[in-house]
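Below: the structure, in structure tokens.
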Amino acid sequence: MAVHKEVSFLAYLLVLGIFLLHVDAKPCPYNCGNFAYGICPRSEGSAEEPICTNCCSGYKGCNYYSADGTFVCEGEFDPKEGPKACPLNCDPNIAYSKCPRSTGRRIHYPTGCTNCCTGYKGCYYFGQNGKFVCEGESPEPKICPAICDLTAAYMTCPFSGSIKIKVDCGNCCTLREGCKLYRKDGSLICTGEPQISISAA
């Protein structure tokens, strides 16, 4: 007898729960890092609301574009290397940036009781003397909207193999790393990114 290739979304959650029990979370110390502030480069601006920056002062790892979407440059400022002598002018060719992260705070001040282990990956933390201390080591949670993608029909995940997991309610934001969300006709909607998701009503 053929095995049915679809399982319920509740079954998926059960399998996922068992799977997560075997994933070791990274233990972090409870001490506070005594940071003065943190910098987390984010995507900024738009064609309608351009940002004021230039290639020299733009963050390394972020790409900068003109209003029509033409690539201008990659940012040259690396927070780990400390202050950089850059001109203060706004490059009229730059309208917006695209960084690995698009939401959340860019400047973390105060940082609270954060240390290098609990700090977020891709964020740079500085001591009271203004010198670079470390880059964060923990994945940054992202807040996902509690909405259902009505075009989504099923998903597949690395731990489920070829089994199609029926999706009653889901979206690309809440999709776990490596899982793929599909429409009823089999076309791919998106692939889950390596981030921790927090659903928000």
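Per the numbering used here: the sequence shown = residues 586 to 786.
Ideal Cβ positions, reconstructed from N, Cα and C, are used throughout, including at glycine.
| Asked | Found |
| --- | --- |
| Simplified DSSP assignment, three categories, for LYS665 | helix |
| CA nearest to the CA of GLU762, picked from SER747, GLU778, ARG768 and VAL752 | GLU778 |
| Where the beta strand (DSSP E) containing LEU673 begins and where it ends | No beta strand (DSSP E) holds LEU673; DSSP gives it neither H nor E. |
| Assigned secondary structure, VAL657 (DSSP; H/G/I helix, E/B strand, else coil) | strand |
| Sequence-distant residues of its chain with Cβ nearer than 6 Å to SER642 (five each side left out) | PHE662 and CYS671 |
| Residue burial classification, ILE603 (beta-carbon count within 10 angstroms, cutoff 16) | Only weak support exists for where ILE603 lies, its pLDDT of 35 falling under 50; the value from the coordinates is given anyway. So ILE603 ends up on the exposed side. |
| Cβ-based burial, TYR694 [other Cβ within 10 Å; buried from 16] | exposed |
| Span separating the alpha-carbon of VAL657 from that of ASN639 | 10 Å |
| Per-residue burial, PRO626 [other beta carbons within 10 Å of its own, 16 or more giving buried] | buried |
| Alpha carbon of THR776 to alpha carbon of ASN756, nearest angstrom | 10 Å |
| Exposure of GLY697, with buried meaning 16 or more beta-carbon neighbours within 10 Å | exposed |
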